[in-house]
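Participant:
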Amino acid sequence: MIAASKALDSSSDYINNVINEYTIRRNLLIEELSKIDDLVFSNPMGAFYSILKLPLNNSEKFSKFLLTDFSHNGQTVMLAPAGGFYTSPNLGKDEVRIAFVLNSEKLLKAIKIIGLALKEYKD
Numbered sequence: 004m005i006a007a008s009k010a011l012d013s014s015s016d017y018i019n020n021v022i023n024e025y026t027i028r029r030n031l032l033i034e035e036l037s038k039i040d041d042l043v044f045s046n047p048m049g050a051f052y053s054i055l056k057l058p059l060n061n062s063e064k065f066s067k068f069l070l071t072d073f074s075h076n077g078q079t080v081m082l083a084p085a086g087g088f089y090t091s092p093n094l095g096k097d098e099v100r101i102a103f104v105l106n107s108e109k110l111l112k113a114i115k116i117i118g119l120a121l122k123e124y125k126d
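Spelled out as structure tokens, the structure:
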């Protein structure tokens, strides 16, 4: 409620800047993800995340692999397995959710790491 109140009190310039920044981030995400083979993803029109359909069977294991066994230049990425976002138990097993809340530079690094990890991961 406090956040909504603050948003209503914000200037239209601030709101437009935020919208523009997230549009830039979304476009960057879509452009860079399209460079990764065998990846299917949504182009969000209102959310600050995308669902990625990965070329593997178990997104939970891949997400764990990213956190425990893989890094690039000492960095890795945390993804949310998408299964938890569905009410049907069999949906989302090969999907992850990625938010584009990072600045563009960090987002570029994150997408690169995902691409490299997909090449190394053994499903």
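Residue numbers (the numbering used here): 4 to 126.
Ideal Cβ positions, reconstructed from N, Cα and C, are used throughout, including at glycine.
Looking at the secondary structure, which residues open and close the beta strand (DSSP E) in which residue 56 lies?
Facilitator: Where residue 56 is concerned, the enclosing beta strand (DSSP E) stretches over 52-56.
Participant: Report the CB separation of residue 31 from residue 107 in whole angstroms; it is logged as a contact under 8 Å.
Facilitator: Sure, about 5 Å apart at Cβ, within 8 Å.
Participant: Since residue 100 sits in a beta bridge, which residues does DSSP pair it with?
Facilitator: The partner list for residue 100 (beta bridge, DSSP) reads 54, 83.
Participant: Along the chain, where does the alpha helix (DSSP H) containing residue 118 start, and where does it finish?
Facilitator: Residues 107-123.
Participant: On a CA-only basis, which of 78, 72, 17, 96 is nearest residue 125? Give me that one, please.
Facilitator: Nearest C-alpha to residue 125: 72.
Participant: Give the DSSP-derived three-state secondary structure of residue 68 in the structure shown.
Facilitator: In the structure shown, residue 68 sits in a helix (DSSP, three-state: H, G or I).
Participant: Cβ of residue 27 within 8 Å of Cβ of residue 79?
Facilitator: No, the Cβ-Cβ distance between residue 27 and residue 79 is not below 8 Å.
Participant: Work out the CA separation of residue 75 and residue 58 for me, nearest whole Å.
Facilitator: Residue 58 and residue 75: Cα-Cα distance of roughly 20 Å.
Participant: I'd like the list of long-range same chain contacts for residue 104, defined as Cβ closer than 7 Å, with 5 residues on each side in sequence excluded.
Facilitator: Counting only Cβ-Cβ distances below 7 Å, and skipping sequence neighbours, we find 51.
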